[in-house]
């Protein structure tokens with residue numbers, strides 16, 4: 253997180269990552285003094301694609317001014333995604349209100365509206381269920397909300413941290429289909445009780461205790477052909493230069509996916 257957006261693009265390109273999941277915090281800071289075309293030139297120069305961006309929060313259960321601010325930002329980000337050719341935007345399932353029928357109805361309506369808005373910009377939304385949310389903190393409920401919306405523009409972002417630290421069950425994986433699985437984020441956790449774990453505790457995939465192979469096998473079984481990203485929120489790993497982190501990160505992913513010999 254300490255490196256600049258331009259440095260990330262340059263170094264991840266040199267590390268042959270091939271694709272990058274854009275982080276809106278850095279991207280928007282870069283756009284304060286640059287144009288979207290500068291981003292496109294950087295990506296092309298360093299042979300990277302940007303198929304996914306993360307993340308948009310606050311859409312589902314906020315009210316009044318907080319809701320208006322979140323939705324205004326959402327529409328601005330959809331326009332950015334359209335300009336940059338980003339076809340999937342991760343939406344956080346950050347539902348904090350105590351769950352009742354009113355909150356559930358509000359979340360359903362918000363998801364339908366968000367999917368409609370995204371469709372106008374040619375963008376898909378990947379709902380990330382979050383382990384600490386008050387509603388849709390598991391894969392089954394998140395998938396139910398996606399199916400109820402009945403929109404081709406809404407699917408699931410499968411974040412392995414939230415899957416393992418929340419109430420999701422292994423049998424929930426059987427509910428996934430390639431049509432509703434839009435994005436996958438992988439990492440690992442070592443030596444930290446799941447009840448105490450935060451995103452700052454994650455490590456590279458394969459260095460921890462998560463059983464990742466059964467997940468990969470299930471994704472393959474259903475025919476998932478989308479992107480798999482490495483999302484690292486551990487401040488200790490942020491101290492590694494982007495080039496080095498890109499190299500070891502993509503190597504860890506390729507090893508996990510059985511693509512270790514891939515160039």
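Residue numbers (the numbering used here): 253 to 515. Here a beta-carbon is modelled for each residue, glycine too, at the ideal position from N, C-alpha and C. Here the structure is a predicted model, which means the values were calculated and not measured.
Endpoints, the alpha helix (DSSP H) within which residue i is located
i: residue 270; result: From DSSP, residue 270 is part of no alpha helix (DSSP H); its letter is neither H nor E.
i: residue 463; result: Element bounds for residue 463: n/a, residue is neither H nor E.
i: residue 312; result: Here residue 312 belongs to no alpha helix (DSSP H), and DSSP marks it neither H nor E.
i: residue 375; result: It is not in any alpha helix (DSSP H) - residue 375 carries neither H nor E in the DSSP assignment.
i: residue 476; result: It is not in any alpha helix (DSSP H) - residue 476 carries neither H nor E in the DSSP assignment.
i: residue 265; result: 257-266
Residue closest to residue i, alpha-carbon to alpha-carbon, out of the options
i: residue 439; options: 491, 503, 432 and 399; result: 503
i: residue 407; options: 490, 345 and 492; result: 345
i: residue 290; options: 465, 258 and 490; result: 258
i: residue 383; options: 376, 418, 339 and 256; result: 418
i: residue 341; options: 283, 296, 366 and 393; result: 366
i: residue 337; options: 309, 310 and 304; result: 304
i: residue 369; options: 416, 452 and 323; result: 323
i: residue 256; options: 472, 413, 442 and 493; result: 493
i: residue 276; options: 451, 415, 343 and 300; result: 343
i: residue 297; options: 426, 464, 441 and 268; result: 268
Own chain partners of residue i with C-beta closer than 8 Å, once the 5 adjacent residues on each side are dropped
i: residue 474; result: 428, 429, 430 and 433
Close beta carbons around residue i, own chain, < 7 Å, minus the five adjacent residues each side
i: residue 386; result: 347, 348, 349, 350 and 351
i: residue 294; result: 258 and 261
i: residue 292; result: 336
Residue span of the beta strand (DSSP E) that contains residue i, given as start and end
i: residue 392; result: That residue, residue 392, is in no beta strand (DSSP E); its alpha helix (DSSP H) goes 391-401.
i: residue 437; result: 433-438
i: residue 340; result: 340-344
i: residue 482; result: 480-482
Helix, strand or coil at residue i [DSSP, three-state]
i: residue 407; result: strand
i: residue 494; result: helix
i: residue 362; result: helix
i: residue 335; result: helix
i: residue 350; result: coil
i: residue 450; result: coil
i: residue 385; result: coil
i: residue 419; result: coil
i: residue 283; result: helix
i: residue 301; result: strand
Cβ neighbours of residue i in the same chain (closer than 6 Å, five flanking residues each side left out)
i: residue 476; result: 430 and 433
i: residue 501; result: 482
i: residue 511; result: none
i: residue 310; result: 322
Whole-number beta carbon distance between residue j and residue i, since they are thought to touch under 8 Å
i: residue 380; j: residue 409; result: 4 Å
i: residue 283; j: residue 362; result: Contact flag wrong, Cβ pair sits at about 26 Å.
i: residue 435; j: residue 378; result: 4 Å
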